[in-house]
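Note that our numbering numbers the sequence shown so that position 114 is 114, with each residue one more than the last.
Virtual Cβ for every residue (Gly too), placed ideally from N, Cα, C.
Everything numeric in this text was worked out from a predicted model, so none of it was measured.
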Amino acid sequence: MKKFVSFLAIALLAITFVSCSKNTPEGVVEQYISNLQAGKYEDAIDLFYFKKGLSEKEKEGYANLLRDKMSKDIDKKKGITGVEITNVEMGDDEKSAKVMYVVKYGDGSAKNEEANVLNIDGKWLIDSSK
C-alpha cells in the first residue's frame, strides 16, 4: 500500500509538472497540434483567444470549420506525426510571442508554420485575429 501511495504521489507530481509546462508560447502551439492530431477540434478552438469571446454555438461552428478544413489535409498526408518548435520570439511586453514551428506528417512531408500567441490573464492562447 505504501508503494502504491508513493507511486500515486509521483504520478500526480508528474502530471502537474507536464500540465504547467504547457502554459508557454510553445506549449500552447504543441497542444494545438496535438489536438488536431487527435481530432479534438473543439479542444483546439479552446486554445484560441477571441477578443469578444465565443458562445457554445460559435465554438461548435469554428470547430466544424476547422474539422472540414484540416481533417482532409491531415488524412491526405497520412496524419500528423509530430511538431518541432524552431523559434520563439517574445514580444517586448512579454505578453505576446511569435512561435515558428514545423508540422511533420506521416507521408514524410513537413510544413513550416507560425502562430502569434498572447498571454491573457496568465494563460497563453493563440491569437485568432492573425
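What is the DSSP secondary structure of residue i, reduced to helix, strand or coil?
i, result
"N112", "strand"
"I85", "strand"
For the alpha helix (DSSP H) that residue i lies in, which residues bound it at each end?
i, result
"N35", "P25 to A38"
Could you give the first and the last residue of the continuous beta strand (DSSP E) run that contains residue i?
i, result
"L66", "From DSSP, L66 is part of no beta strand (DSSP E) but of the alpha helix (DSSP H) over E56 to K76."
"D127", "K123 to D127"
Quick check: the Cα distance between residue i and residue j, rounded to an integer number of angstroms?
i, j, result
"C20", "V28", "The predicted model places C20 with a pLDDT of 42, which falls under 50 and marks its position as unreliable; any figure quoted below should be read in that light. C20 and V28: Cα-Cα distance of roughly 11 Å."
"V117", "Q31", "13 Å"
"E60", "L66", "10 Å"
"M70", "S129", "19 Å"
"E42", "N64", "8 Å"
"L36", "D92", "30 Å"
"E113", "T81", "15 Å"
"N23", "A115", "15 Å"
"A38", "E94", "31 Å"
"G53", "Y62", "12 Å"
"Y101", "V88", "9 Å"
Would residue i count as contacting chain D if we go by Cβ distances under 7 Å?
i, result
"E84", "The chain labelled as chain D is not found in the depicted structure, where only one protein chain is given."
Tell me, which residues are paired with residue i by DSSP?
i, result
"K104", "G82 and A110"
"L118", "S96 and L125"
"Y49", "D127"
Nearer than 6 Å: is that true of the beta carbon of residue i relative to any heavy atom of the ligand PLP?
i, result
"D75", "No copy of the ligand PLP appears in this structure; indeed no ligand is present at all."
### Message
If contact is defined by three or more beta carbon pairs under 8 Å, each pair taking one atom from either stretch, is the region 120 to 128 in contact with the region 40 to 55?
### Response
Touching, yes.
### Task
May I ask you to verify whether the region 103 to 114 touches the region 73 to 80, counting CB pairs closer than 8 Å and requiring at least 3?
yes
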